[in-house]
Amino acid sequence: QVQLVESGGGLVQAGGSLSLSCAISGRTLSNYAMGWFRQAPGKEREFVAALSWNDTTYYADSVKGRFTISRGRSKDTIYLQINNLKPEDTAVYSCAALTPPSPHYNYWGQGTQVTVSS
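In this note's numbering, each number is its position in the sequence shown, counted from 1, plus 1231.
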């Protein structure tokens, strides 16, 4: 059973930075796609960033240049570095794993709250 646990969220002023972590346990996911998603109050969950099995990165247009997704050296943690935070980045951020043969992200963490004050 795979478990994903996010941490690193908090309250930060606009223009600030945060580093989110997603700890992976239960299975080695070093060759699997991982992603970060976010859900703001009253809105649908949206894609933020992804890391493919070979560490190719993908970003939503709204976060390009400000967010960086990476995989830890031990492969059991992924990170989301968020710079130049904006109030519209306020949301619950969740990480997810896509393990074959599933065509979709099939493991999800509980999420960590990021709140950006103006």
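Each residue gets a CB set at the ideal place from its N, CA and C atoms; glycine is no exception.
Mind reading off the beta-carbon distance from residue i to residue j? Whole number of angstroms is fine, and I expect it under 8 angstroms.
{"i": "L1316", "j": "A1245", "result": "6 angstroms"}
{"i": "F1278", "j": "A1264", "result": "In fact, because the Cβ distance is near 12 angstroms, the residues do not count as touching under 8 angstroms."}
{"i": "G1240", "j": "Q1344", "result": "5 angstroms"}
{"i": "A1280", "j": "T1287", "result": "Between T1287 and A1280 the Cβ distance is about 11 angstroms, and since that is not below 8 angstroms, they are no contact."}
Use the C-beta contact count for residue i: other C-beta atoms within 10 angstroms, 16 or more gives buried, fewer gives exposed.
{"i": "S1325", "result": "buried"}
{"i": "W1284", "result": "exposed"}
{"i": "E1237", "result": "buried"}
{"i": "G1273", "result": "exposed"}
{"i": "L1242", "result": "exposed"}
{"i": "G1352", "result": "Because the chain spans 1232 through 1349 in this model, residue 1352 falls outside it and cannot be assessed."}
Among the options, which residue has its Cα nearest to the Cα of residue i?
{"i": "V1233", "options": "V1243, Q1344 and N1337", "result": "N1337"}
{"i": "T1321", "options": "R1269, S1238 and N1262", "result": "R1269"}
{"i": "W1339", "options": "G1303, V1323, D1286 and P1318", "result": "V1323"}
{"i": "G1266", "options": "P1272, T1343 and S1301", "result": "S1301"}
{"i": "V1294", "options": "N1262, P1318 and V1243", "result": "P1318"}
{"i": "G1303", "options": "S1333, L1282 and P1334", "result": "L1282"}
{"i": "N1314", "options": "H1335, E1275, A1271 and V1347", "result": "V1347"}
{"i": "G1342", "options": "A1271, N1262 and S1349", "result": "A1271"}
- Query: Counting pairs of beta carbons, one from the region 1306 to 1321 and one from the region 1245 to 1252, are three or more of them closer than 8 angstroms?
  - Reply: yes
- Message: Threshold first: 3 residues or longer. Then list the beta strand (DSSP E) segments lying entirely within the region 1272 to 1342, N to C.
- Response: Runs of the beta strand (DSSP E) inside the region 1272 to 1342: 1277 to 1282, 1288 to 1290, 1298 to 1302, 1308 to 1313 and 1322 to 1329.
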